[in-house]
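Remarks on the structure that follows.
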Amino acid sequence: MIVVTIVSCFYSSVRKNLGDTMKTGILNVKNSIFVQGSAGLMLGAFYAAGQIEAVKNFALGLNQHLLKLGGAVALNLIGMLTGSQSTAQNSIFAFFGPALIEAGVDPINAAIVGSHIAASGQGMPPADLTCFVVTGLVGGILSKKVDPVKTMILNLPMCIYLFVVGCIFMYI
Numbered sequence: 003m004i005v006v007t008i009v010s011c012f013y014s015s016v017r018k019n020l021g022d023t024m025k026t027g028i029l030n031v032k033n034s035i036f037v038q039g040s041a042g043l044m045l046g047a048f049y050a051a052g053q054i055e056a057v058k059n060f061a062l063g064l065n066q067h068l069l070k071l072g073g074a075v076a077l078n079l080i081g082m083l084t085g086s087q088s089t090a091q092n093s094i095f096a097f098f099g100p101a102l103i104e105a106g107v108d109p110i111n112a113a114i115v116g117s118h119i120a121a122s123g124q125g126m127p128p129a130d131l132t133c134f135v136v137t138g139l140v141g142g143i144l145s146k147k148v149d150p151v152k153t154m155i156l157n158l159p160m161c162i163y164l165f166v167v168g169c170i171f172m173y174i
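In the working numbering, the protein residues as written are 3 to 174.
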């Protein structure tokens, strides 16, 4: 964000209206910053209360394949229902990630699992939030009719690929 702010100051229209530009930018991102802060508080409360450790210990009692595939499906499903990678990662991977590491998955591979599977869920039907937002913006800017559902369906092969890659990294 700092780099973008510095680069945008190279444009005279931004420099002339720096105060208004900064105000508009902050107002545009305040909701996402609020969501990220809330997720941080939620995760902090989970850690402080020992919930992460309790769920991790329960999960380790499961068959390793059940743990891995069940966690992958849960992570993907939350992304699918919310249309948000960060929600899936904050709510499911906070528990699933440590359980994967305890089950013997390399921490780097576990991070790849979390990012890829959550991203795959974000882009899958029924709630590809990013697709609906971006197609709406593009349609508004170009004054053309756009079809977010068609875009979501065209995006599906990439999301399936991300899910498969995430699953592969659980087992290598």
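Glycine included, each C-beta is placed from N, C-alpha and C at the ideal position.
DSSP state of residue i mapped onto helix, strand, coil
{"i": "Pro128", "result": "coil"}
{"i": "Cys161", "result": "helix"}
{"i": "Asn111", "result": "helix"}
{"i": "Ile170", "result": "helix"}
{"i": "Lys147", "result": "coil"}
{"i": "Ala120", "result": "helix"}
{"i": "Ala101", "result": "helix"}
{"i": "Ile142", "result": "A small fix is needed here, since residue 142 is Gly in this sequence, not Ile. The answer is helix: DSSP assigns Gly142 an H, G or I state."}
Distance cut-off 6 Å: residue i Cβ against heavy atoms of the ligand ZN
{"i": "Thr84", "result": "In terms of ligand content, the structure shown is empty, and the ligand ZN therefore cannot be addressed."}
Residue environment, residue i, which counts as buried when at least 16 other CB atoms sit within 10 Å
{"i": "Pro159", "result": "exposed"}
{"i": "Lys58", "result": "buried"}
{"i": "Leu164", "result": "buried"}
{"i": "Lys70", "result": "buried"}
{"i": "Pro100", "result": "buried"}
{"i": "Ile94", "result": "buried"}
{"i": "Ala56", "result": "exposed"}
{"i": "Phe98", "result": "buried"}
Cα-Cα separation, residue i to residue j
{"i": "Thr132", "j": "Gln66", "result": "33 Å"}
{"i": "Asn33", "j": "Thr89", "result": "14 Å"}
{"i": "Val107", "j": "Ala47", "result": "26 Å"}
{"i": "Gly63", "j": "Leu20", "result": "56 Å"}
{"i": "Gly81", "j": "Ile114", "result": "16 Å"}
{"i": "Lys146", "j": "Leu156", "result": "19 Å"}
{"i": "Thr7", "j": "Cys169", "result": "38 Å"}
{"i": "Gly39", "j": "Phe171", "result": "29 Å"}
{"i": "Gly123", "j": "Ala129", "result": "9 Å"}
{"i": "Ala74", "j": "Asp22", "result": "44 Å"}
{"i": "Phe134", "j": "Ser86", "result": "12 Å"}
{"i": "Gly138", "j": "Ala120", "result": "23 Å"}
Start-to-end residues for the alpha helix (DSSP H) that takes in residue i
{"i": "Gly21", "result": "20 to 51"}
{"i": "Ile4", "result": "4 to 10"}
{"i": "Phe95", "result": "Segment: none, Phe95 is in no alpha helix (DSSP H) and carries neither H nor E."}
{"i": "Thr66", "result": "In the sequence under discussion, the amino acid at residue 66 is Gln, which differs from the Thr named in the question. It spans 66 to 84 - the alpha helix (DSSP H) in which Gln66 sits, taken as one unbroken run."}
{"i": "Gln87", "result": "87 to 90"}
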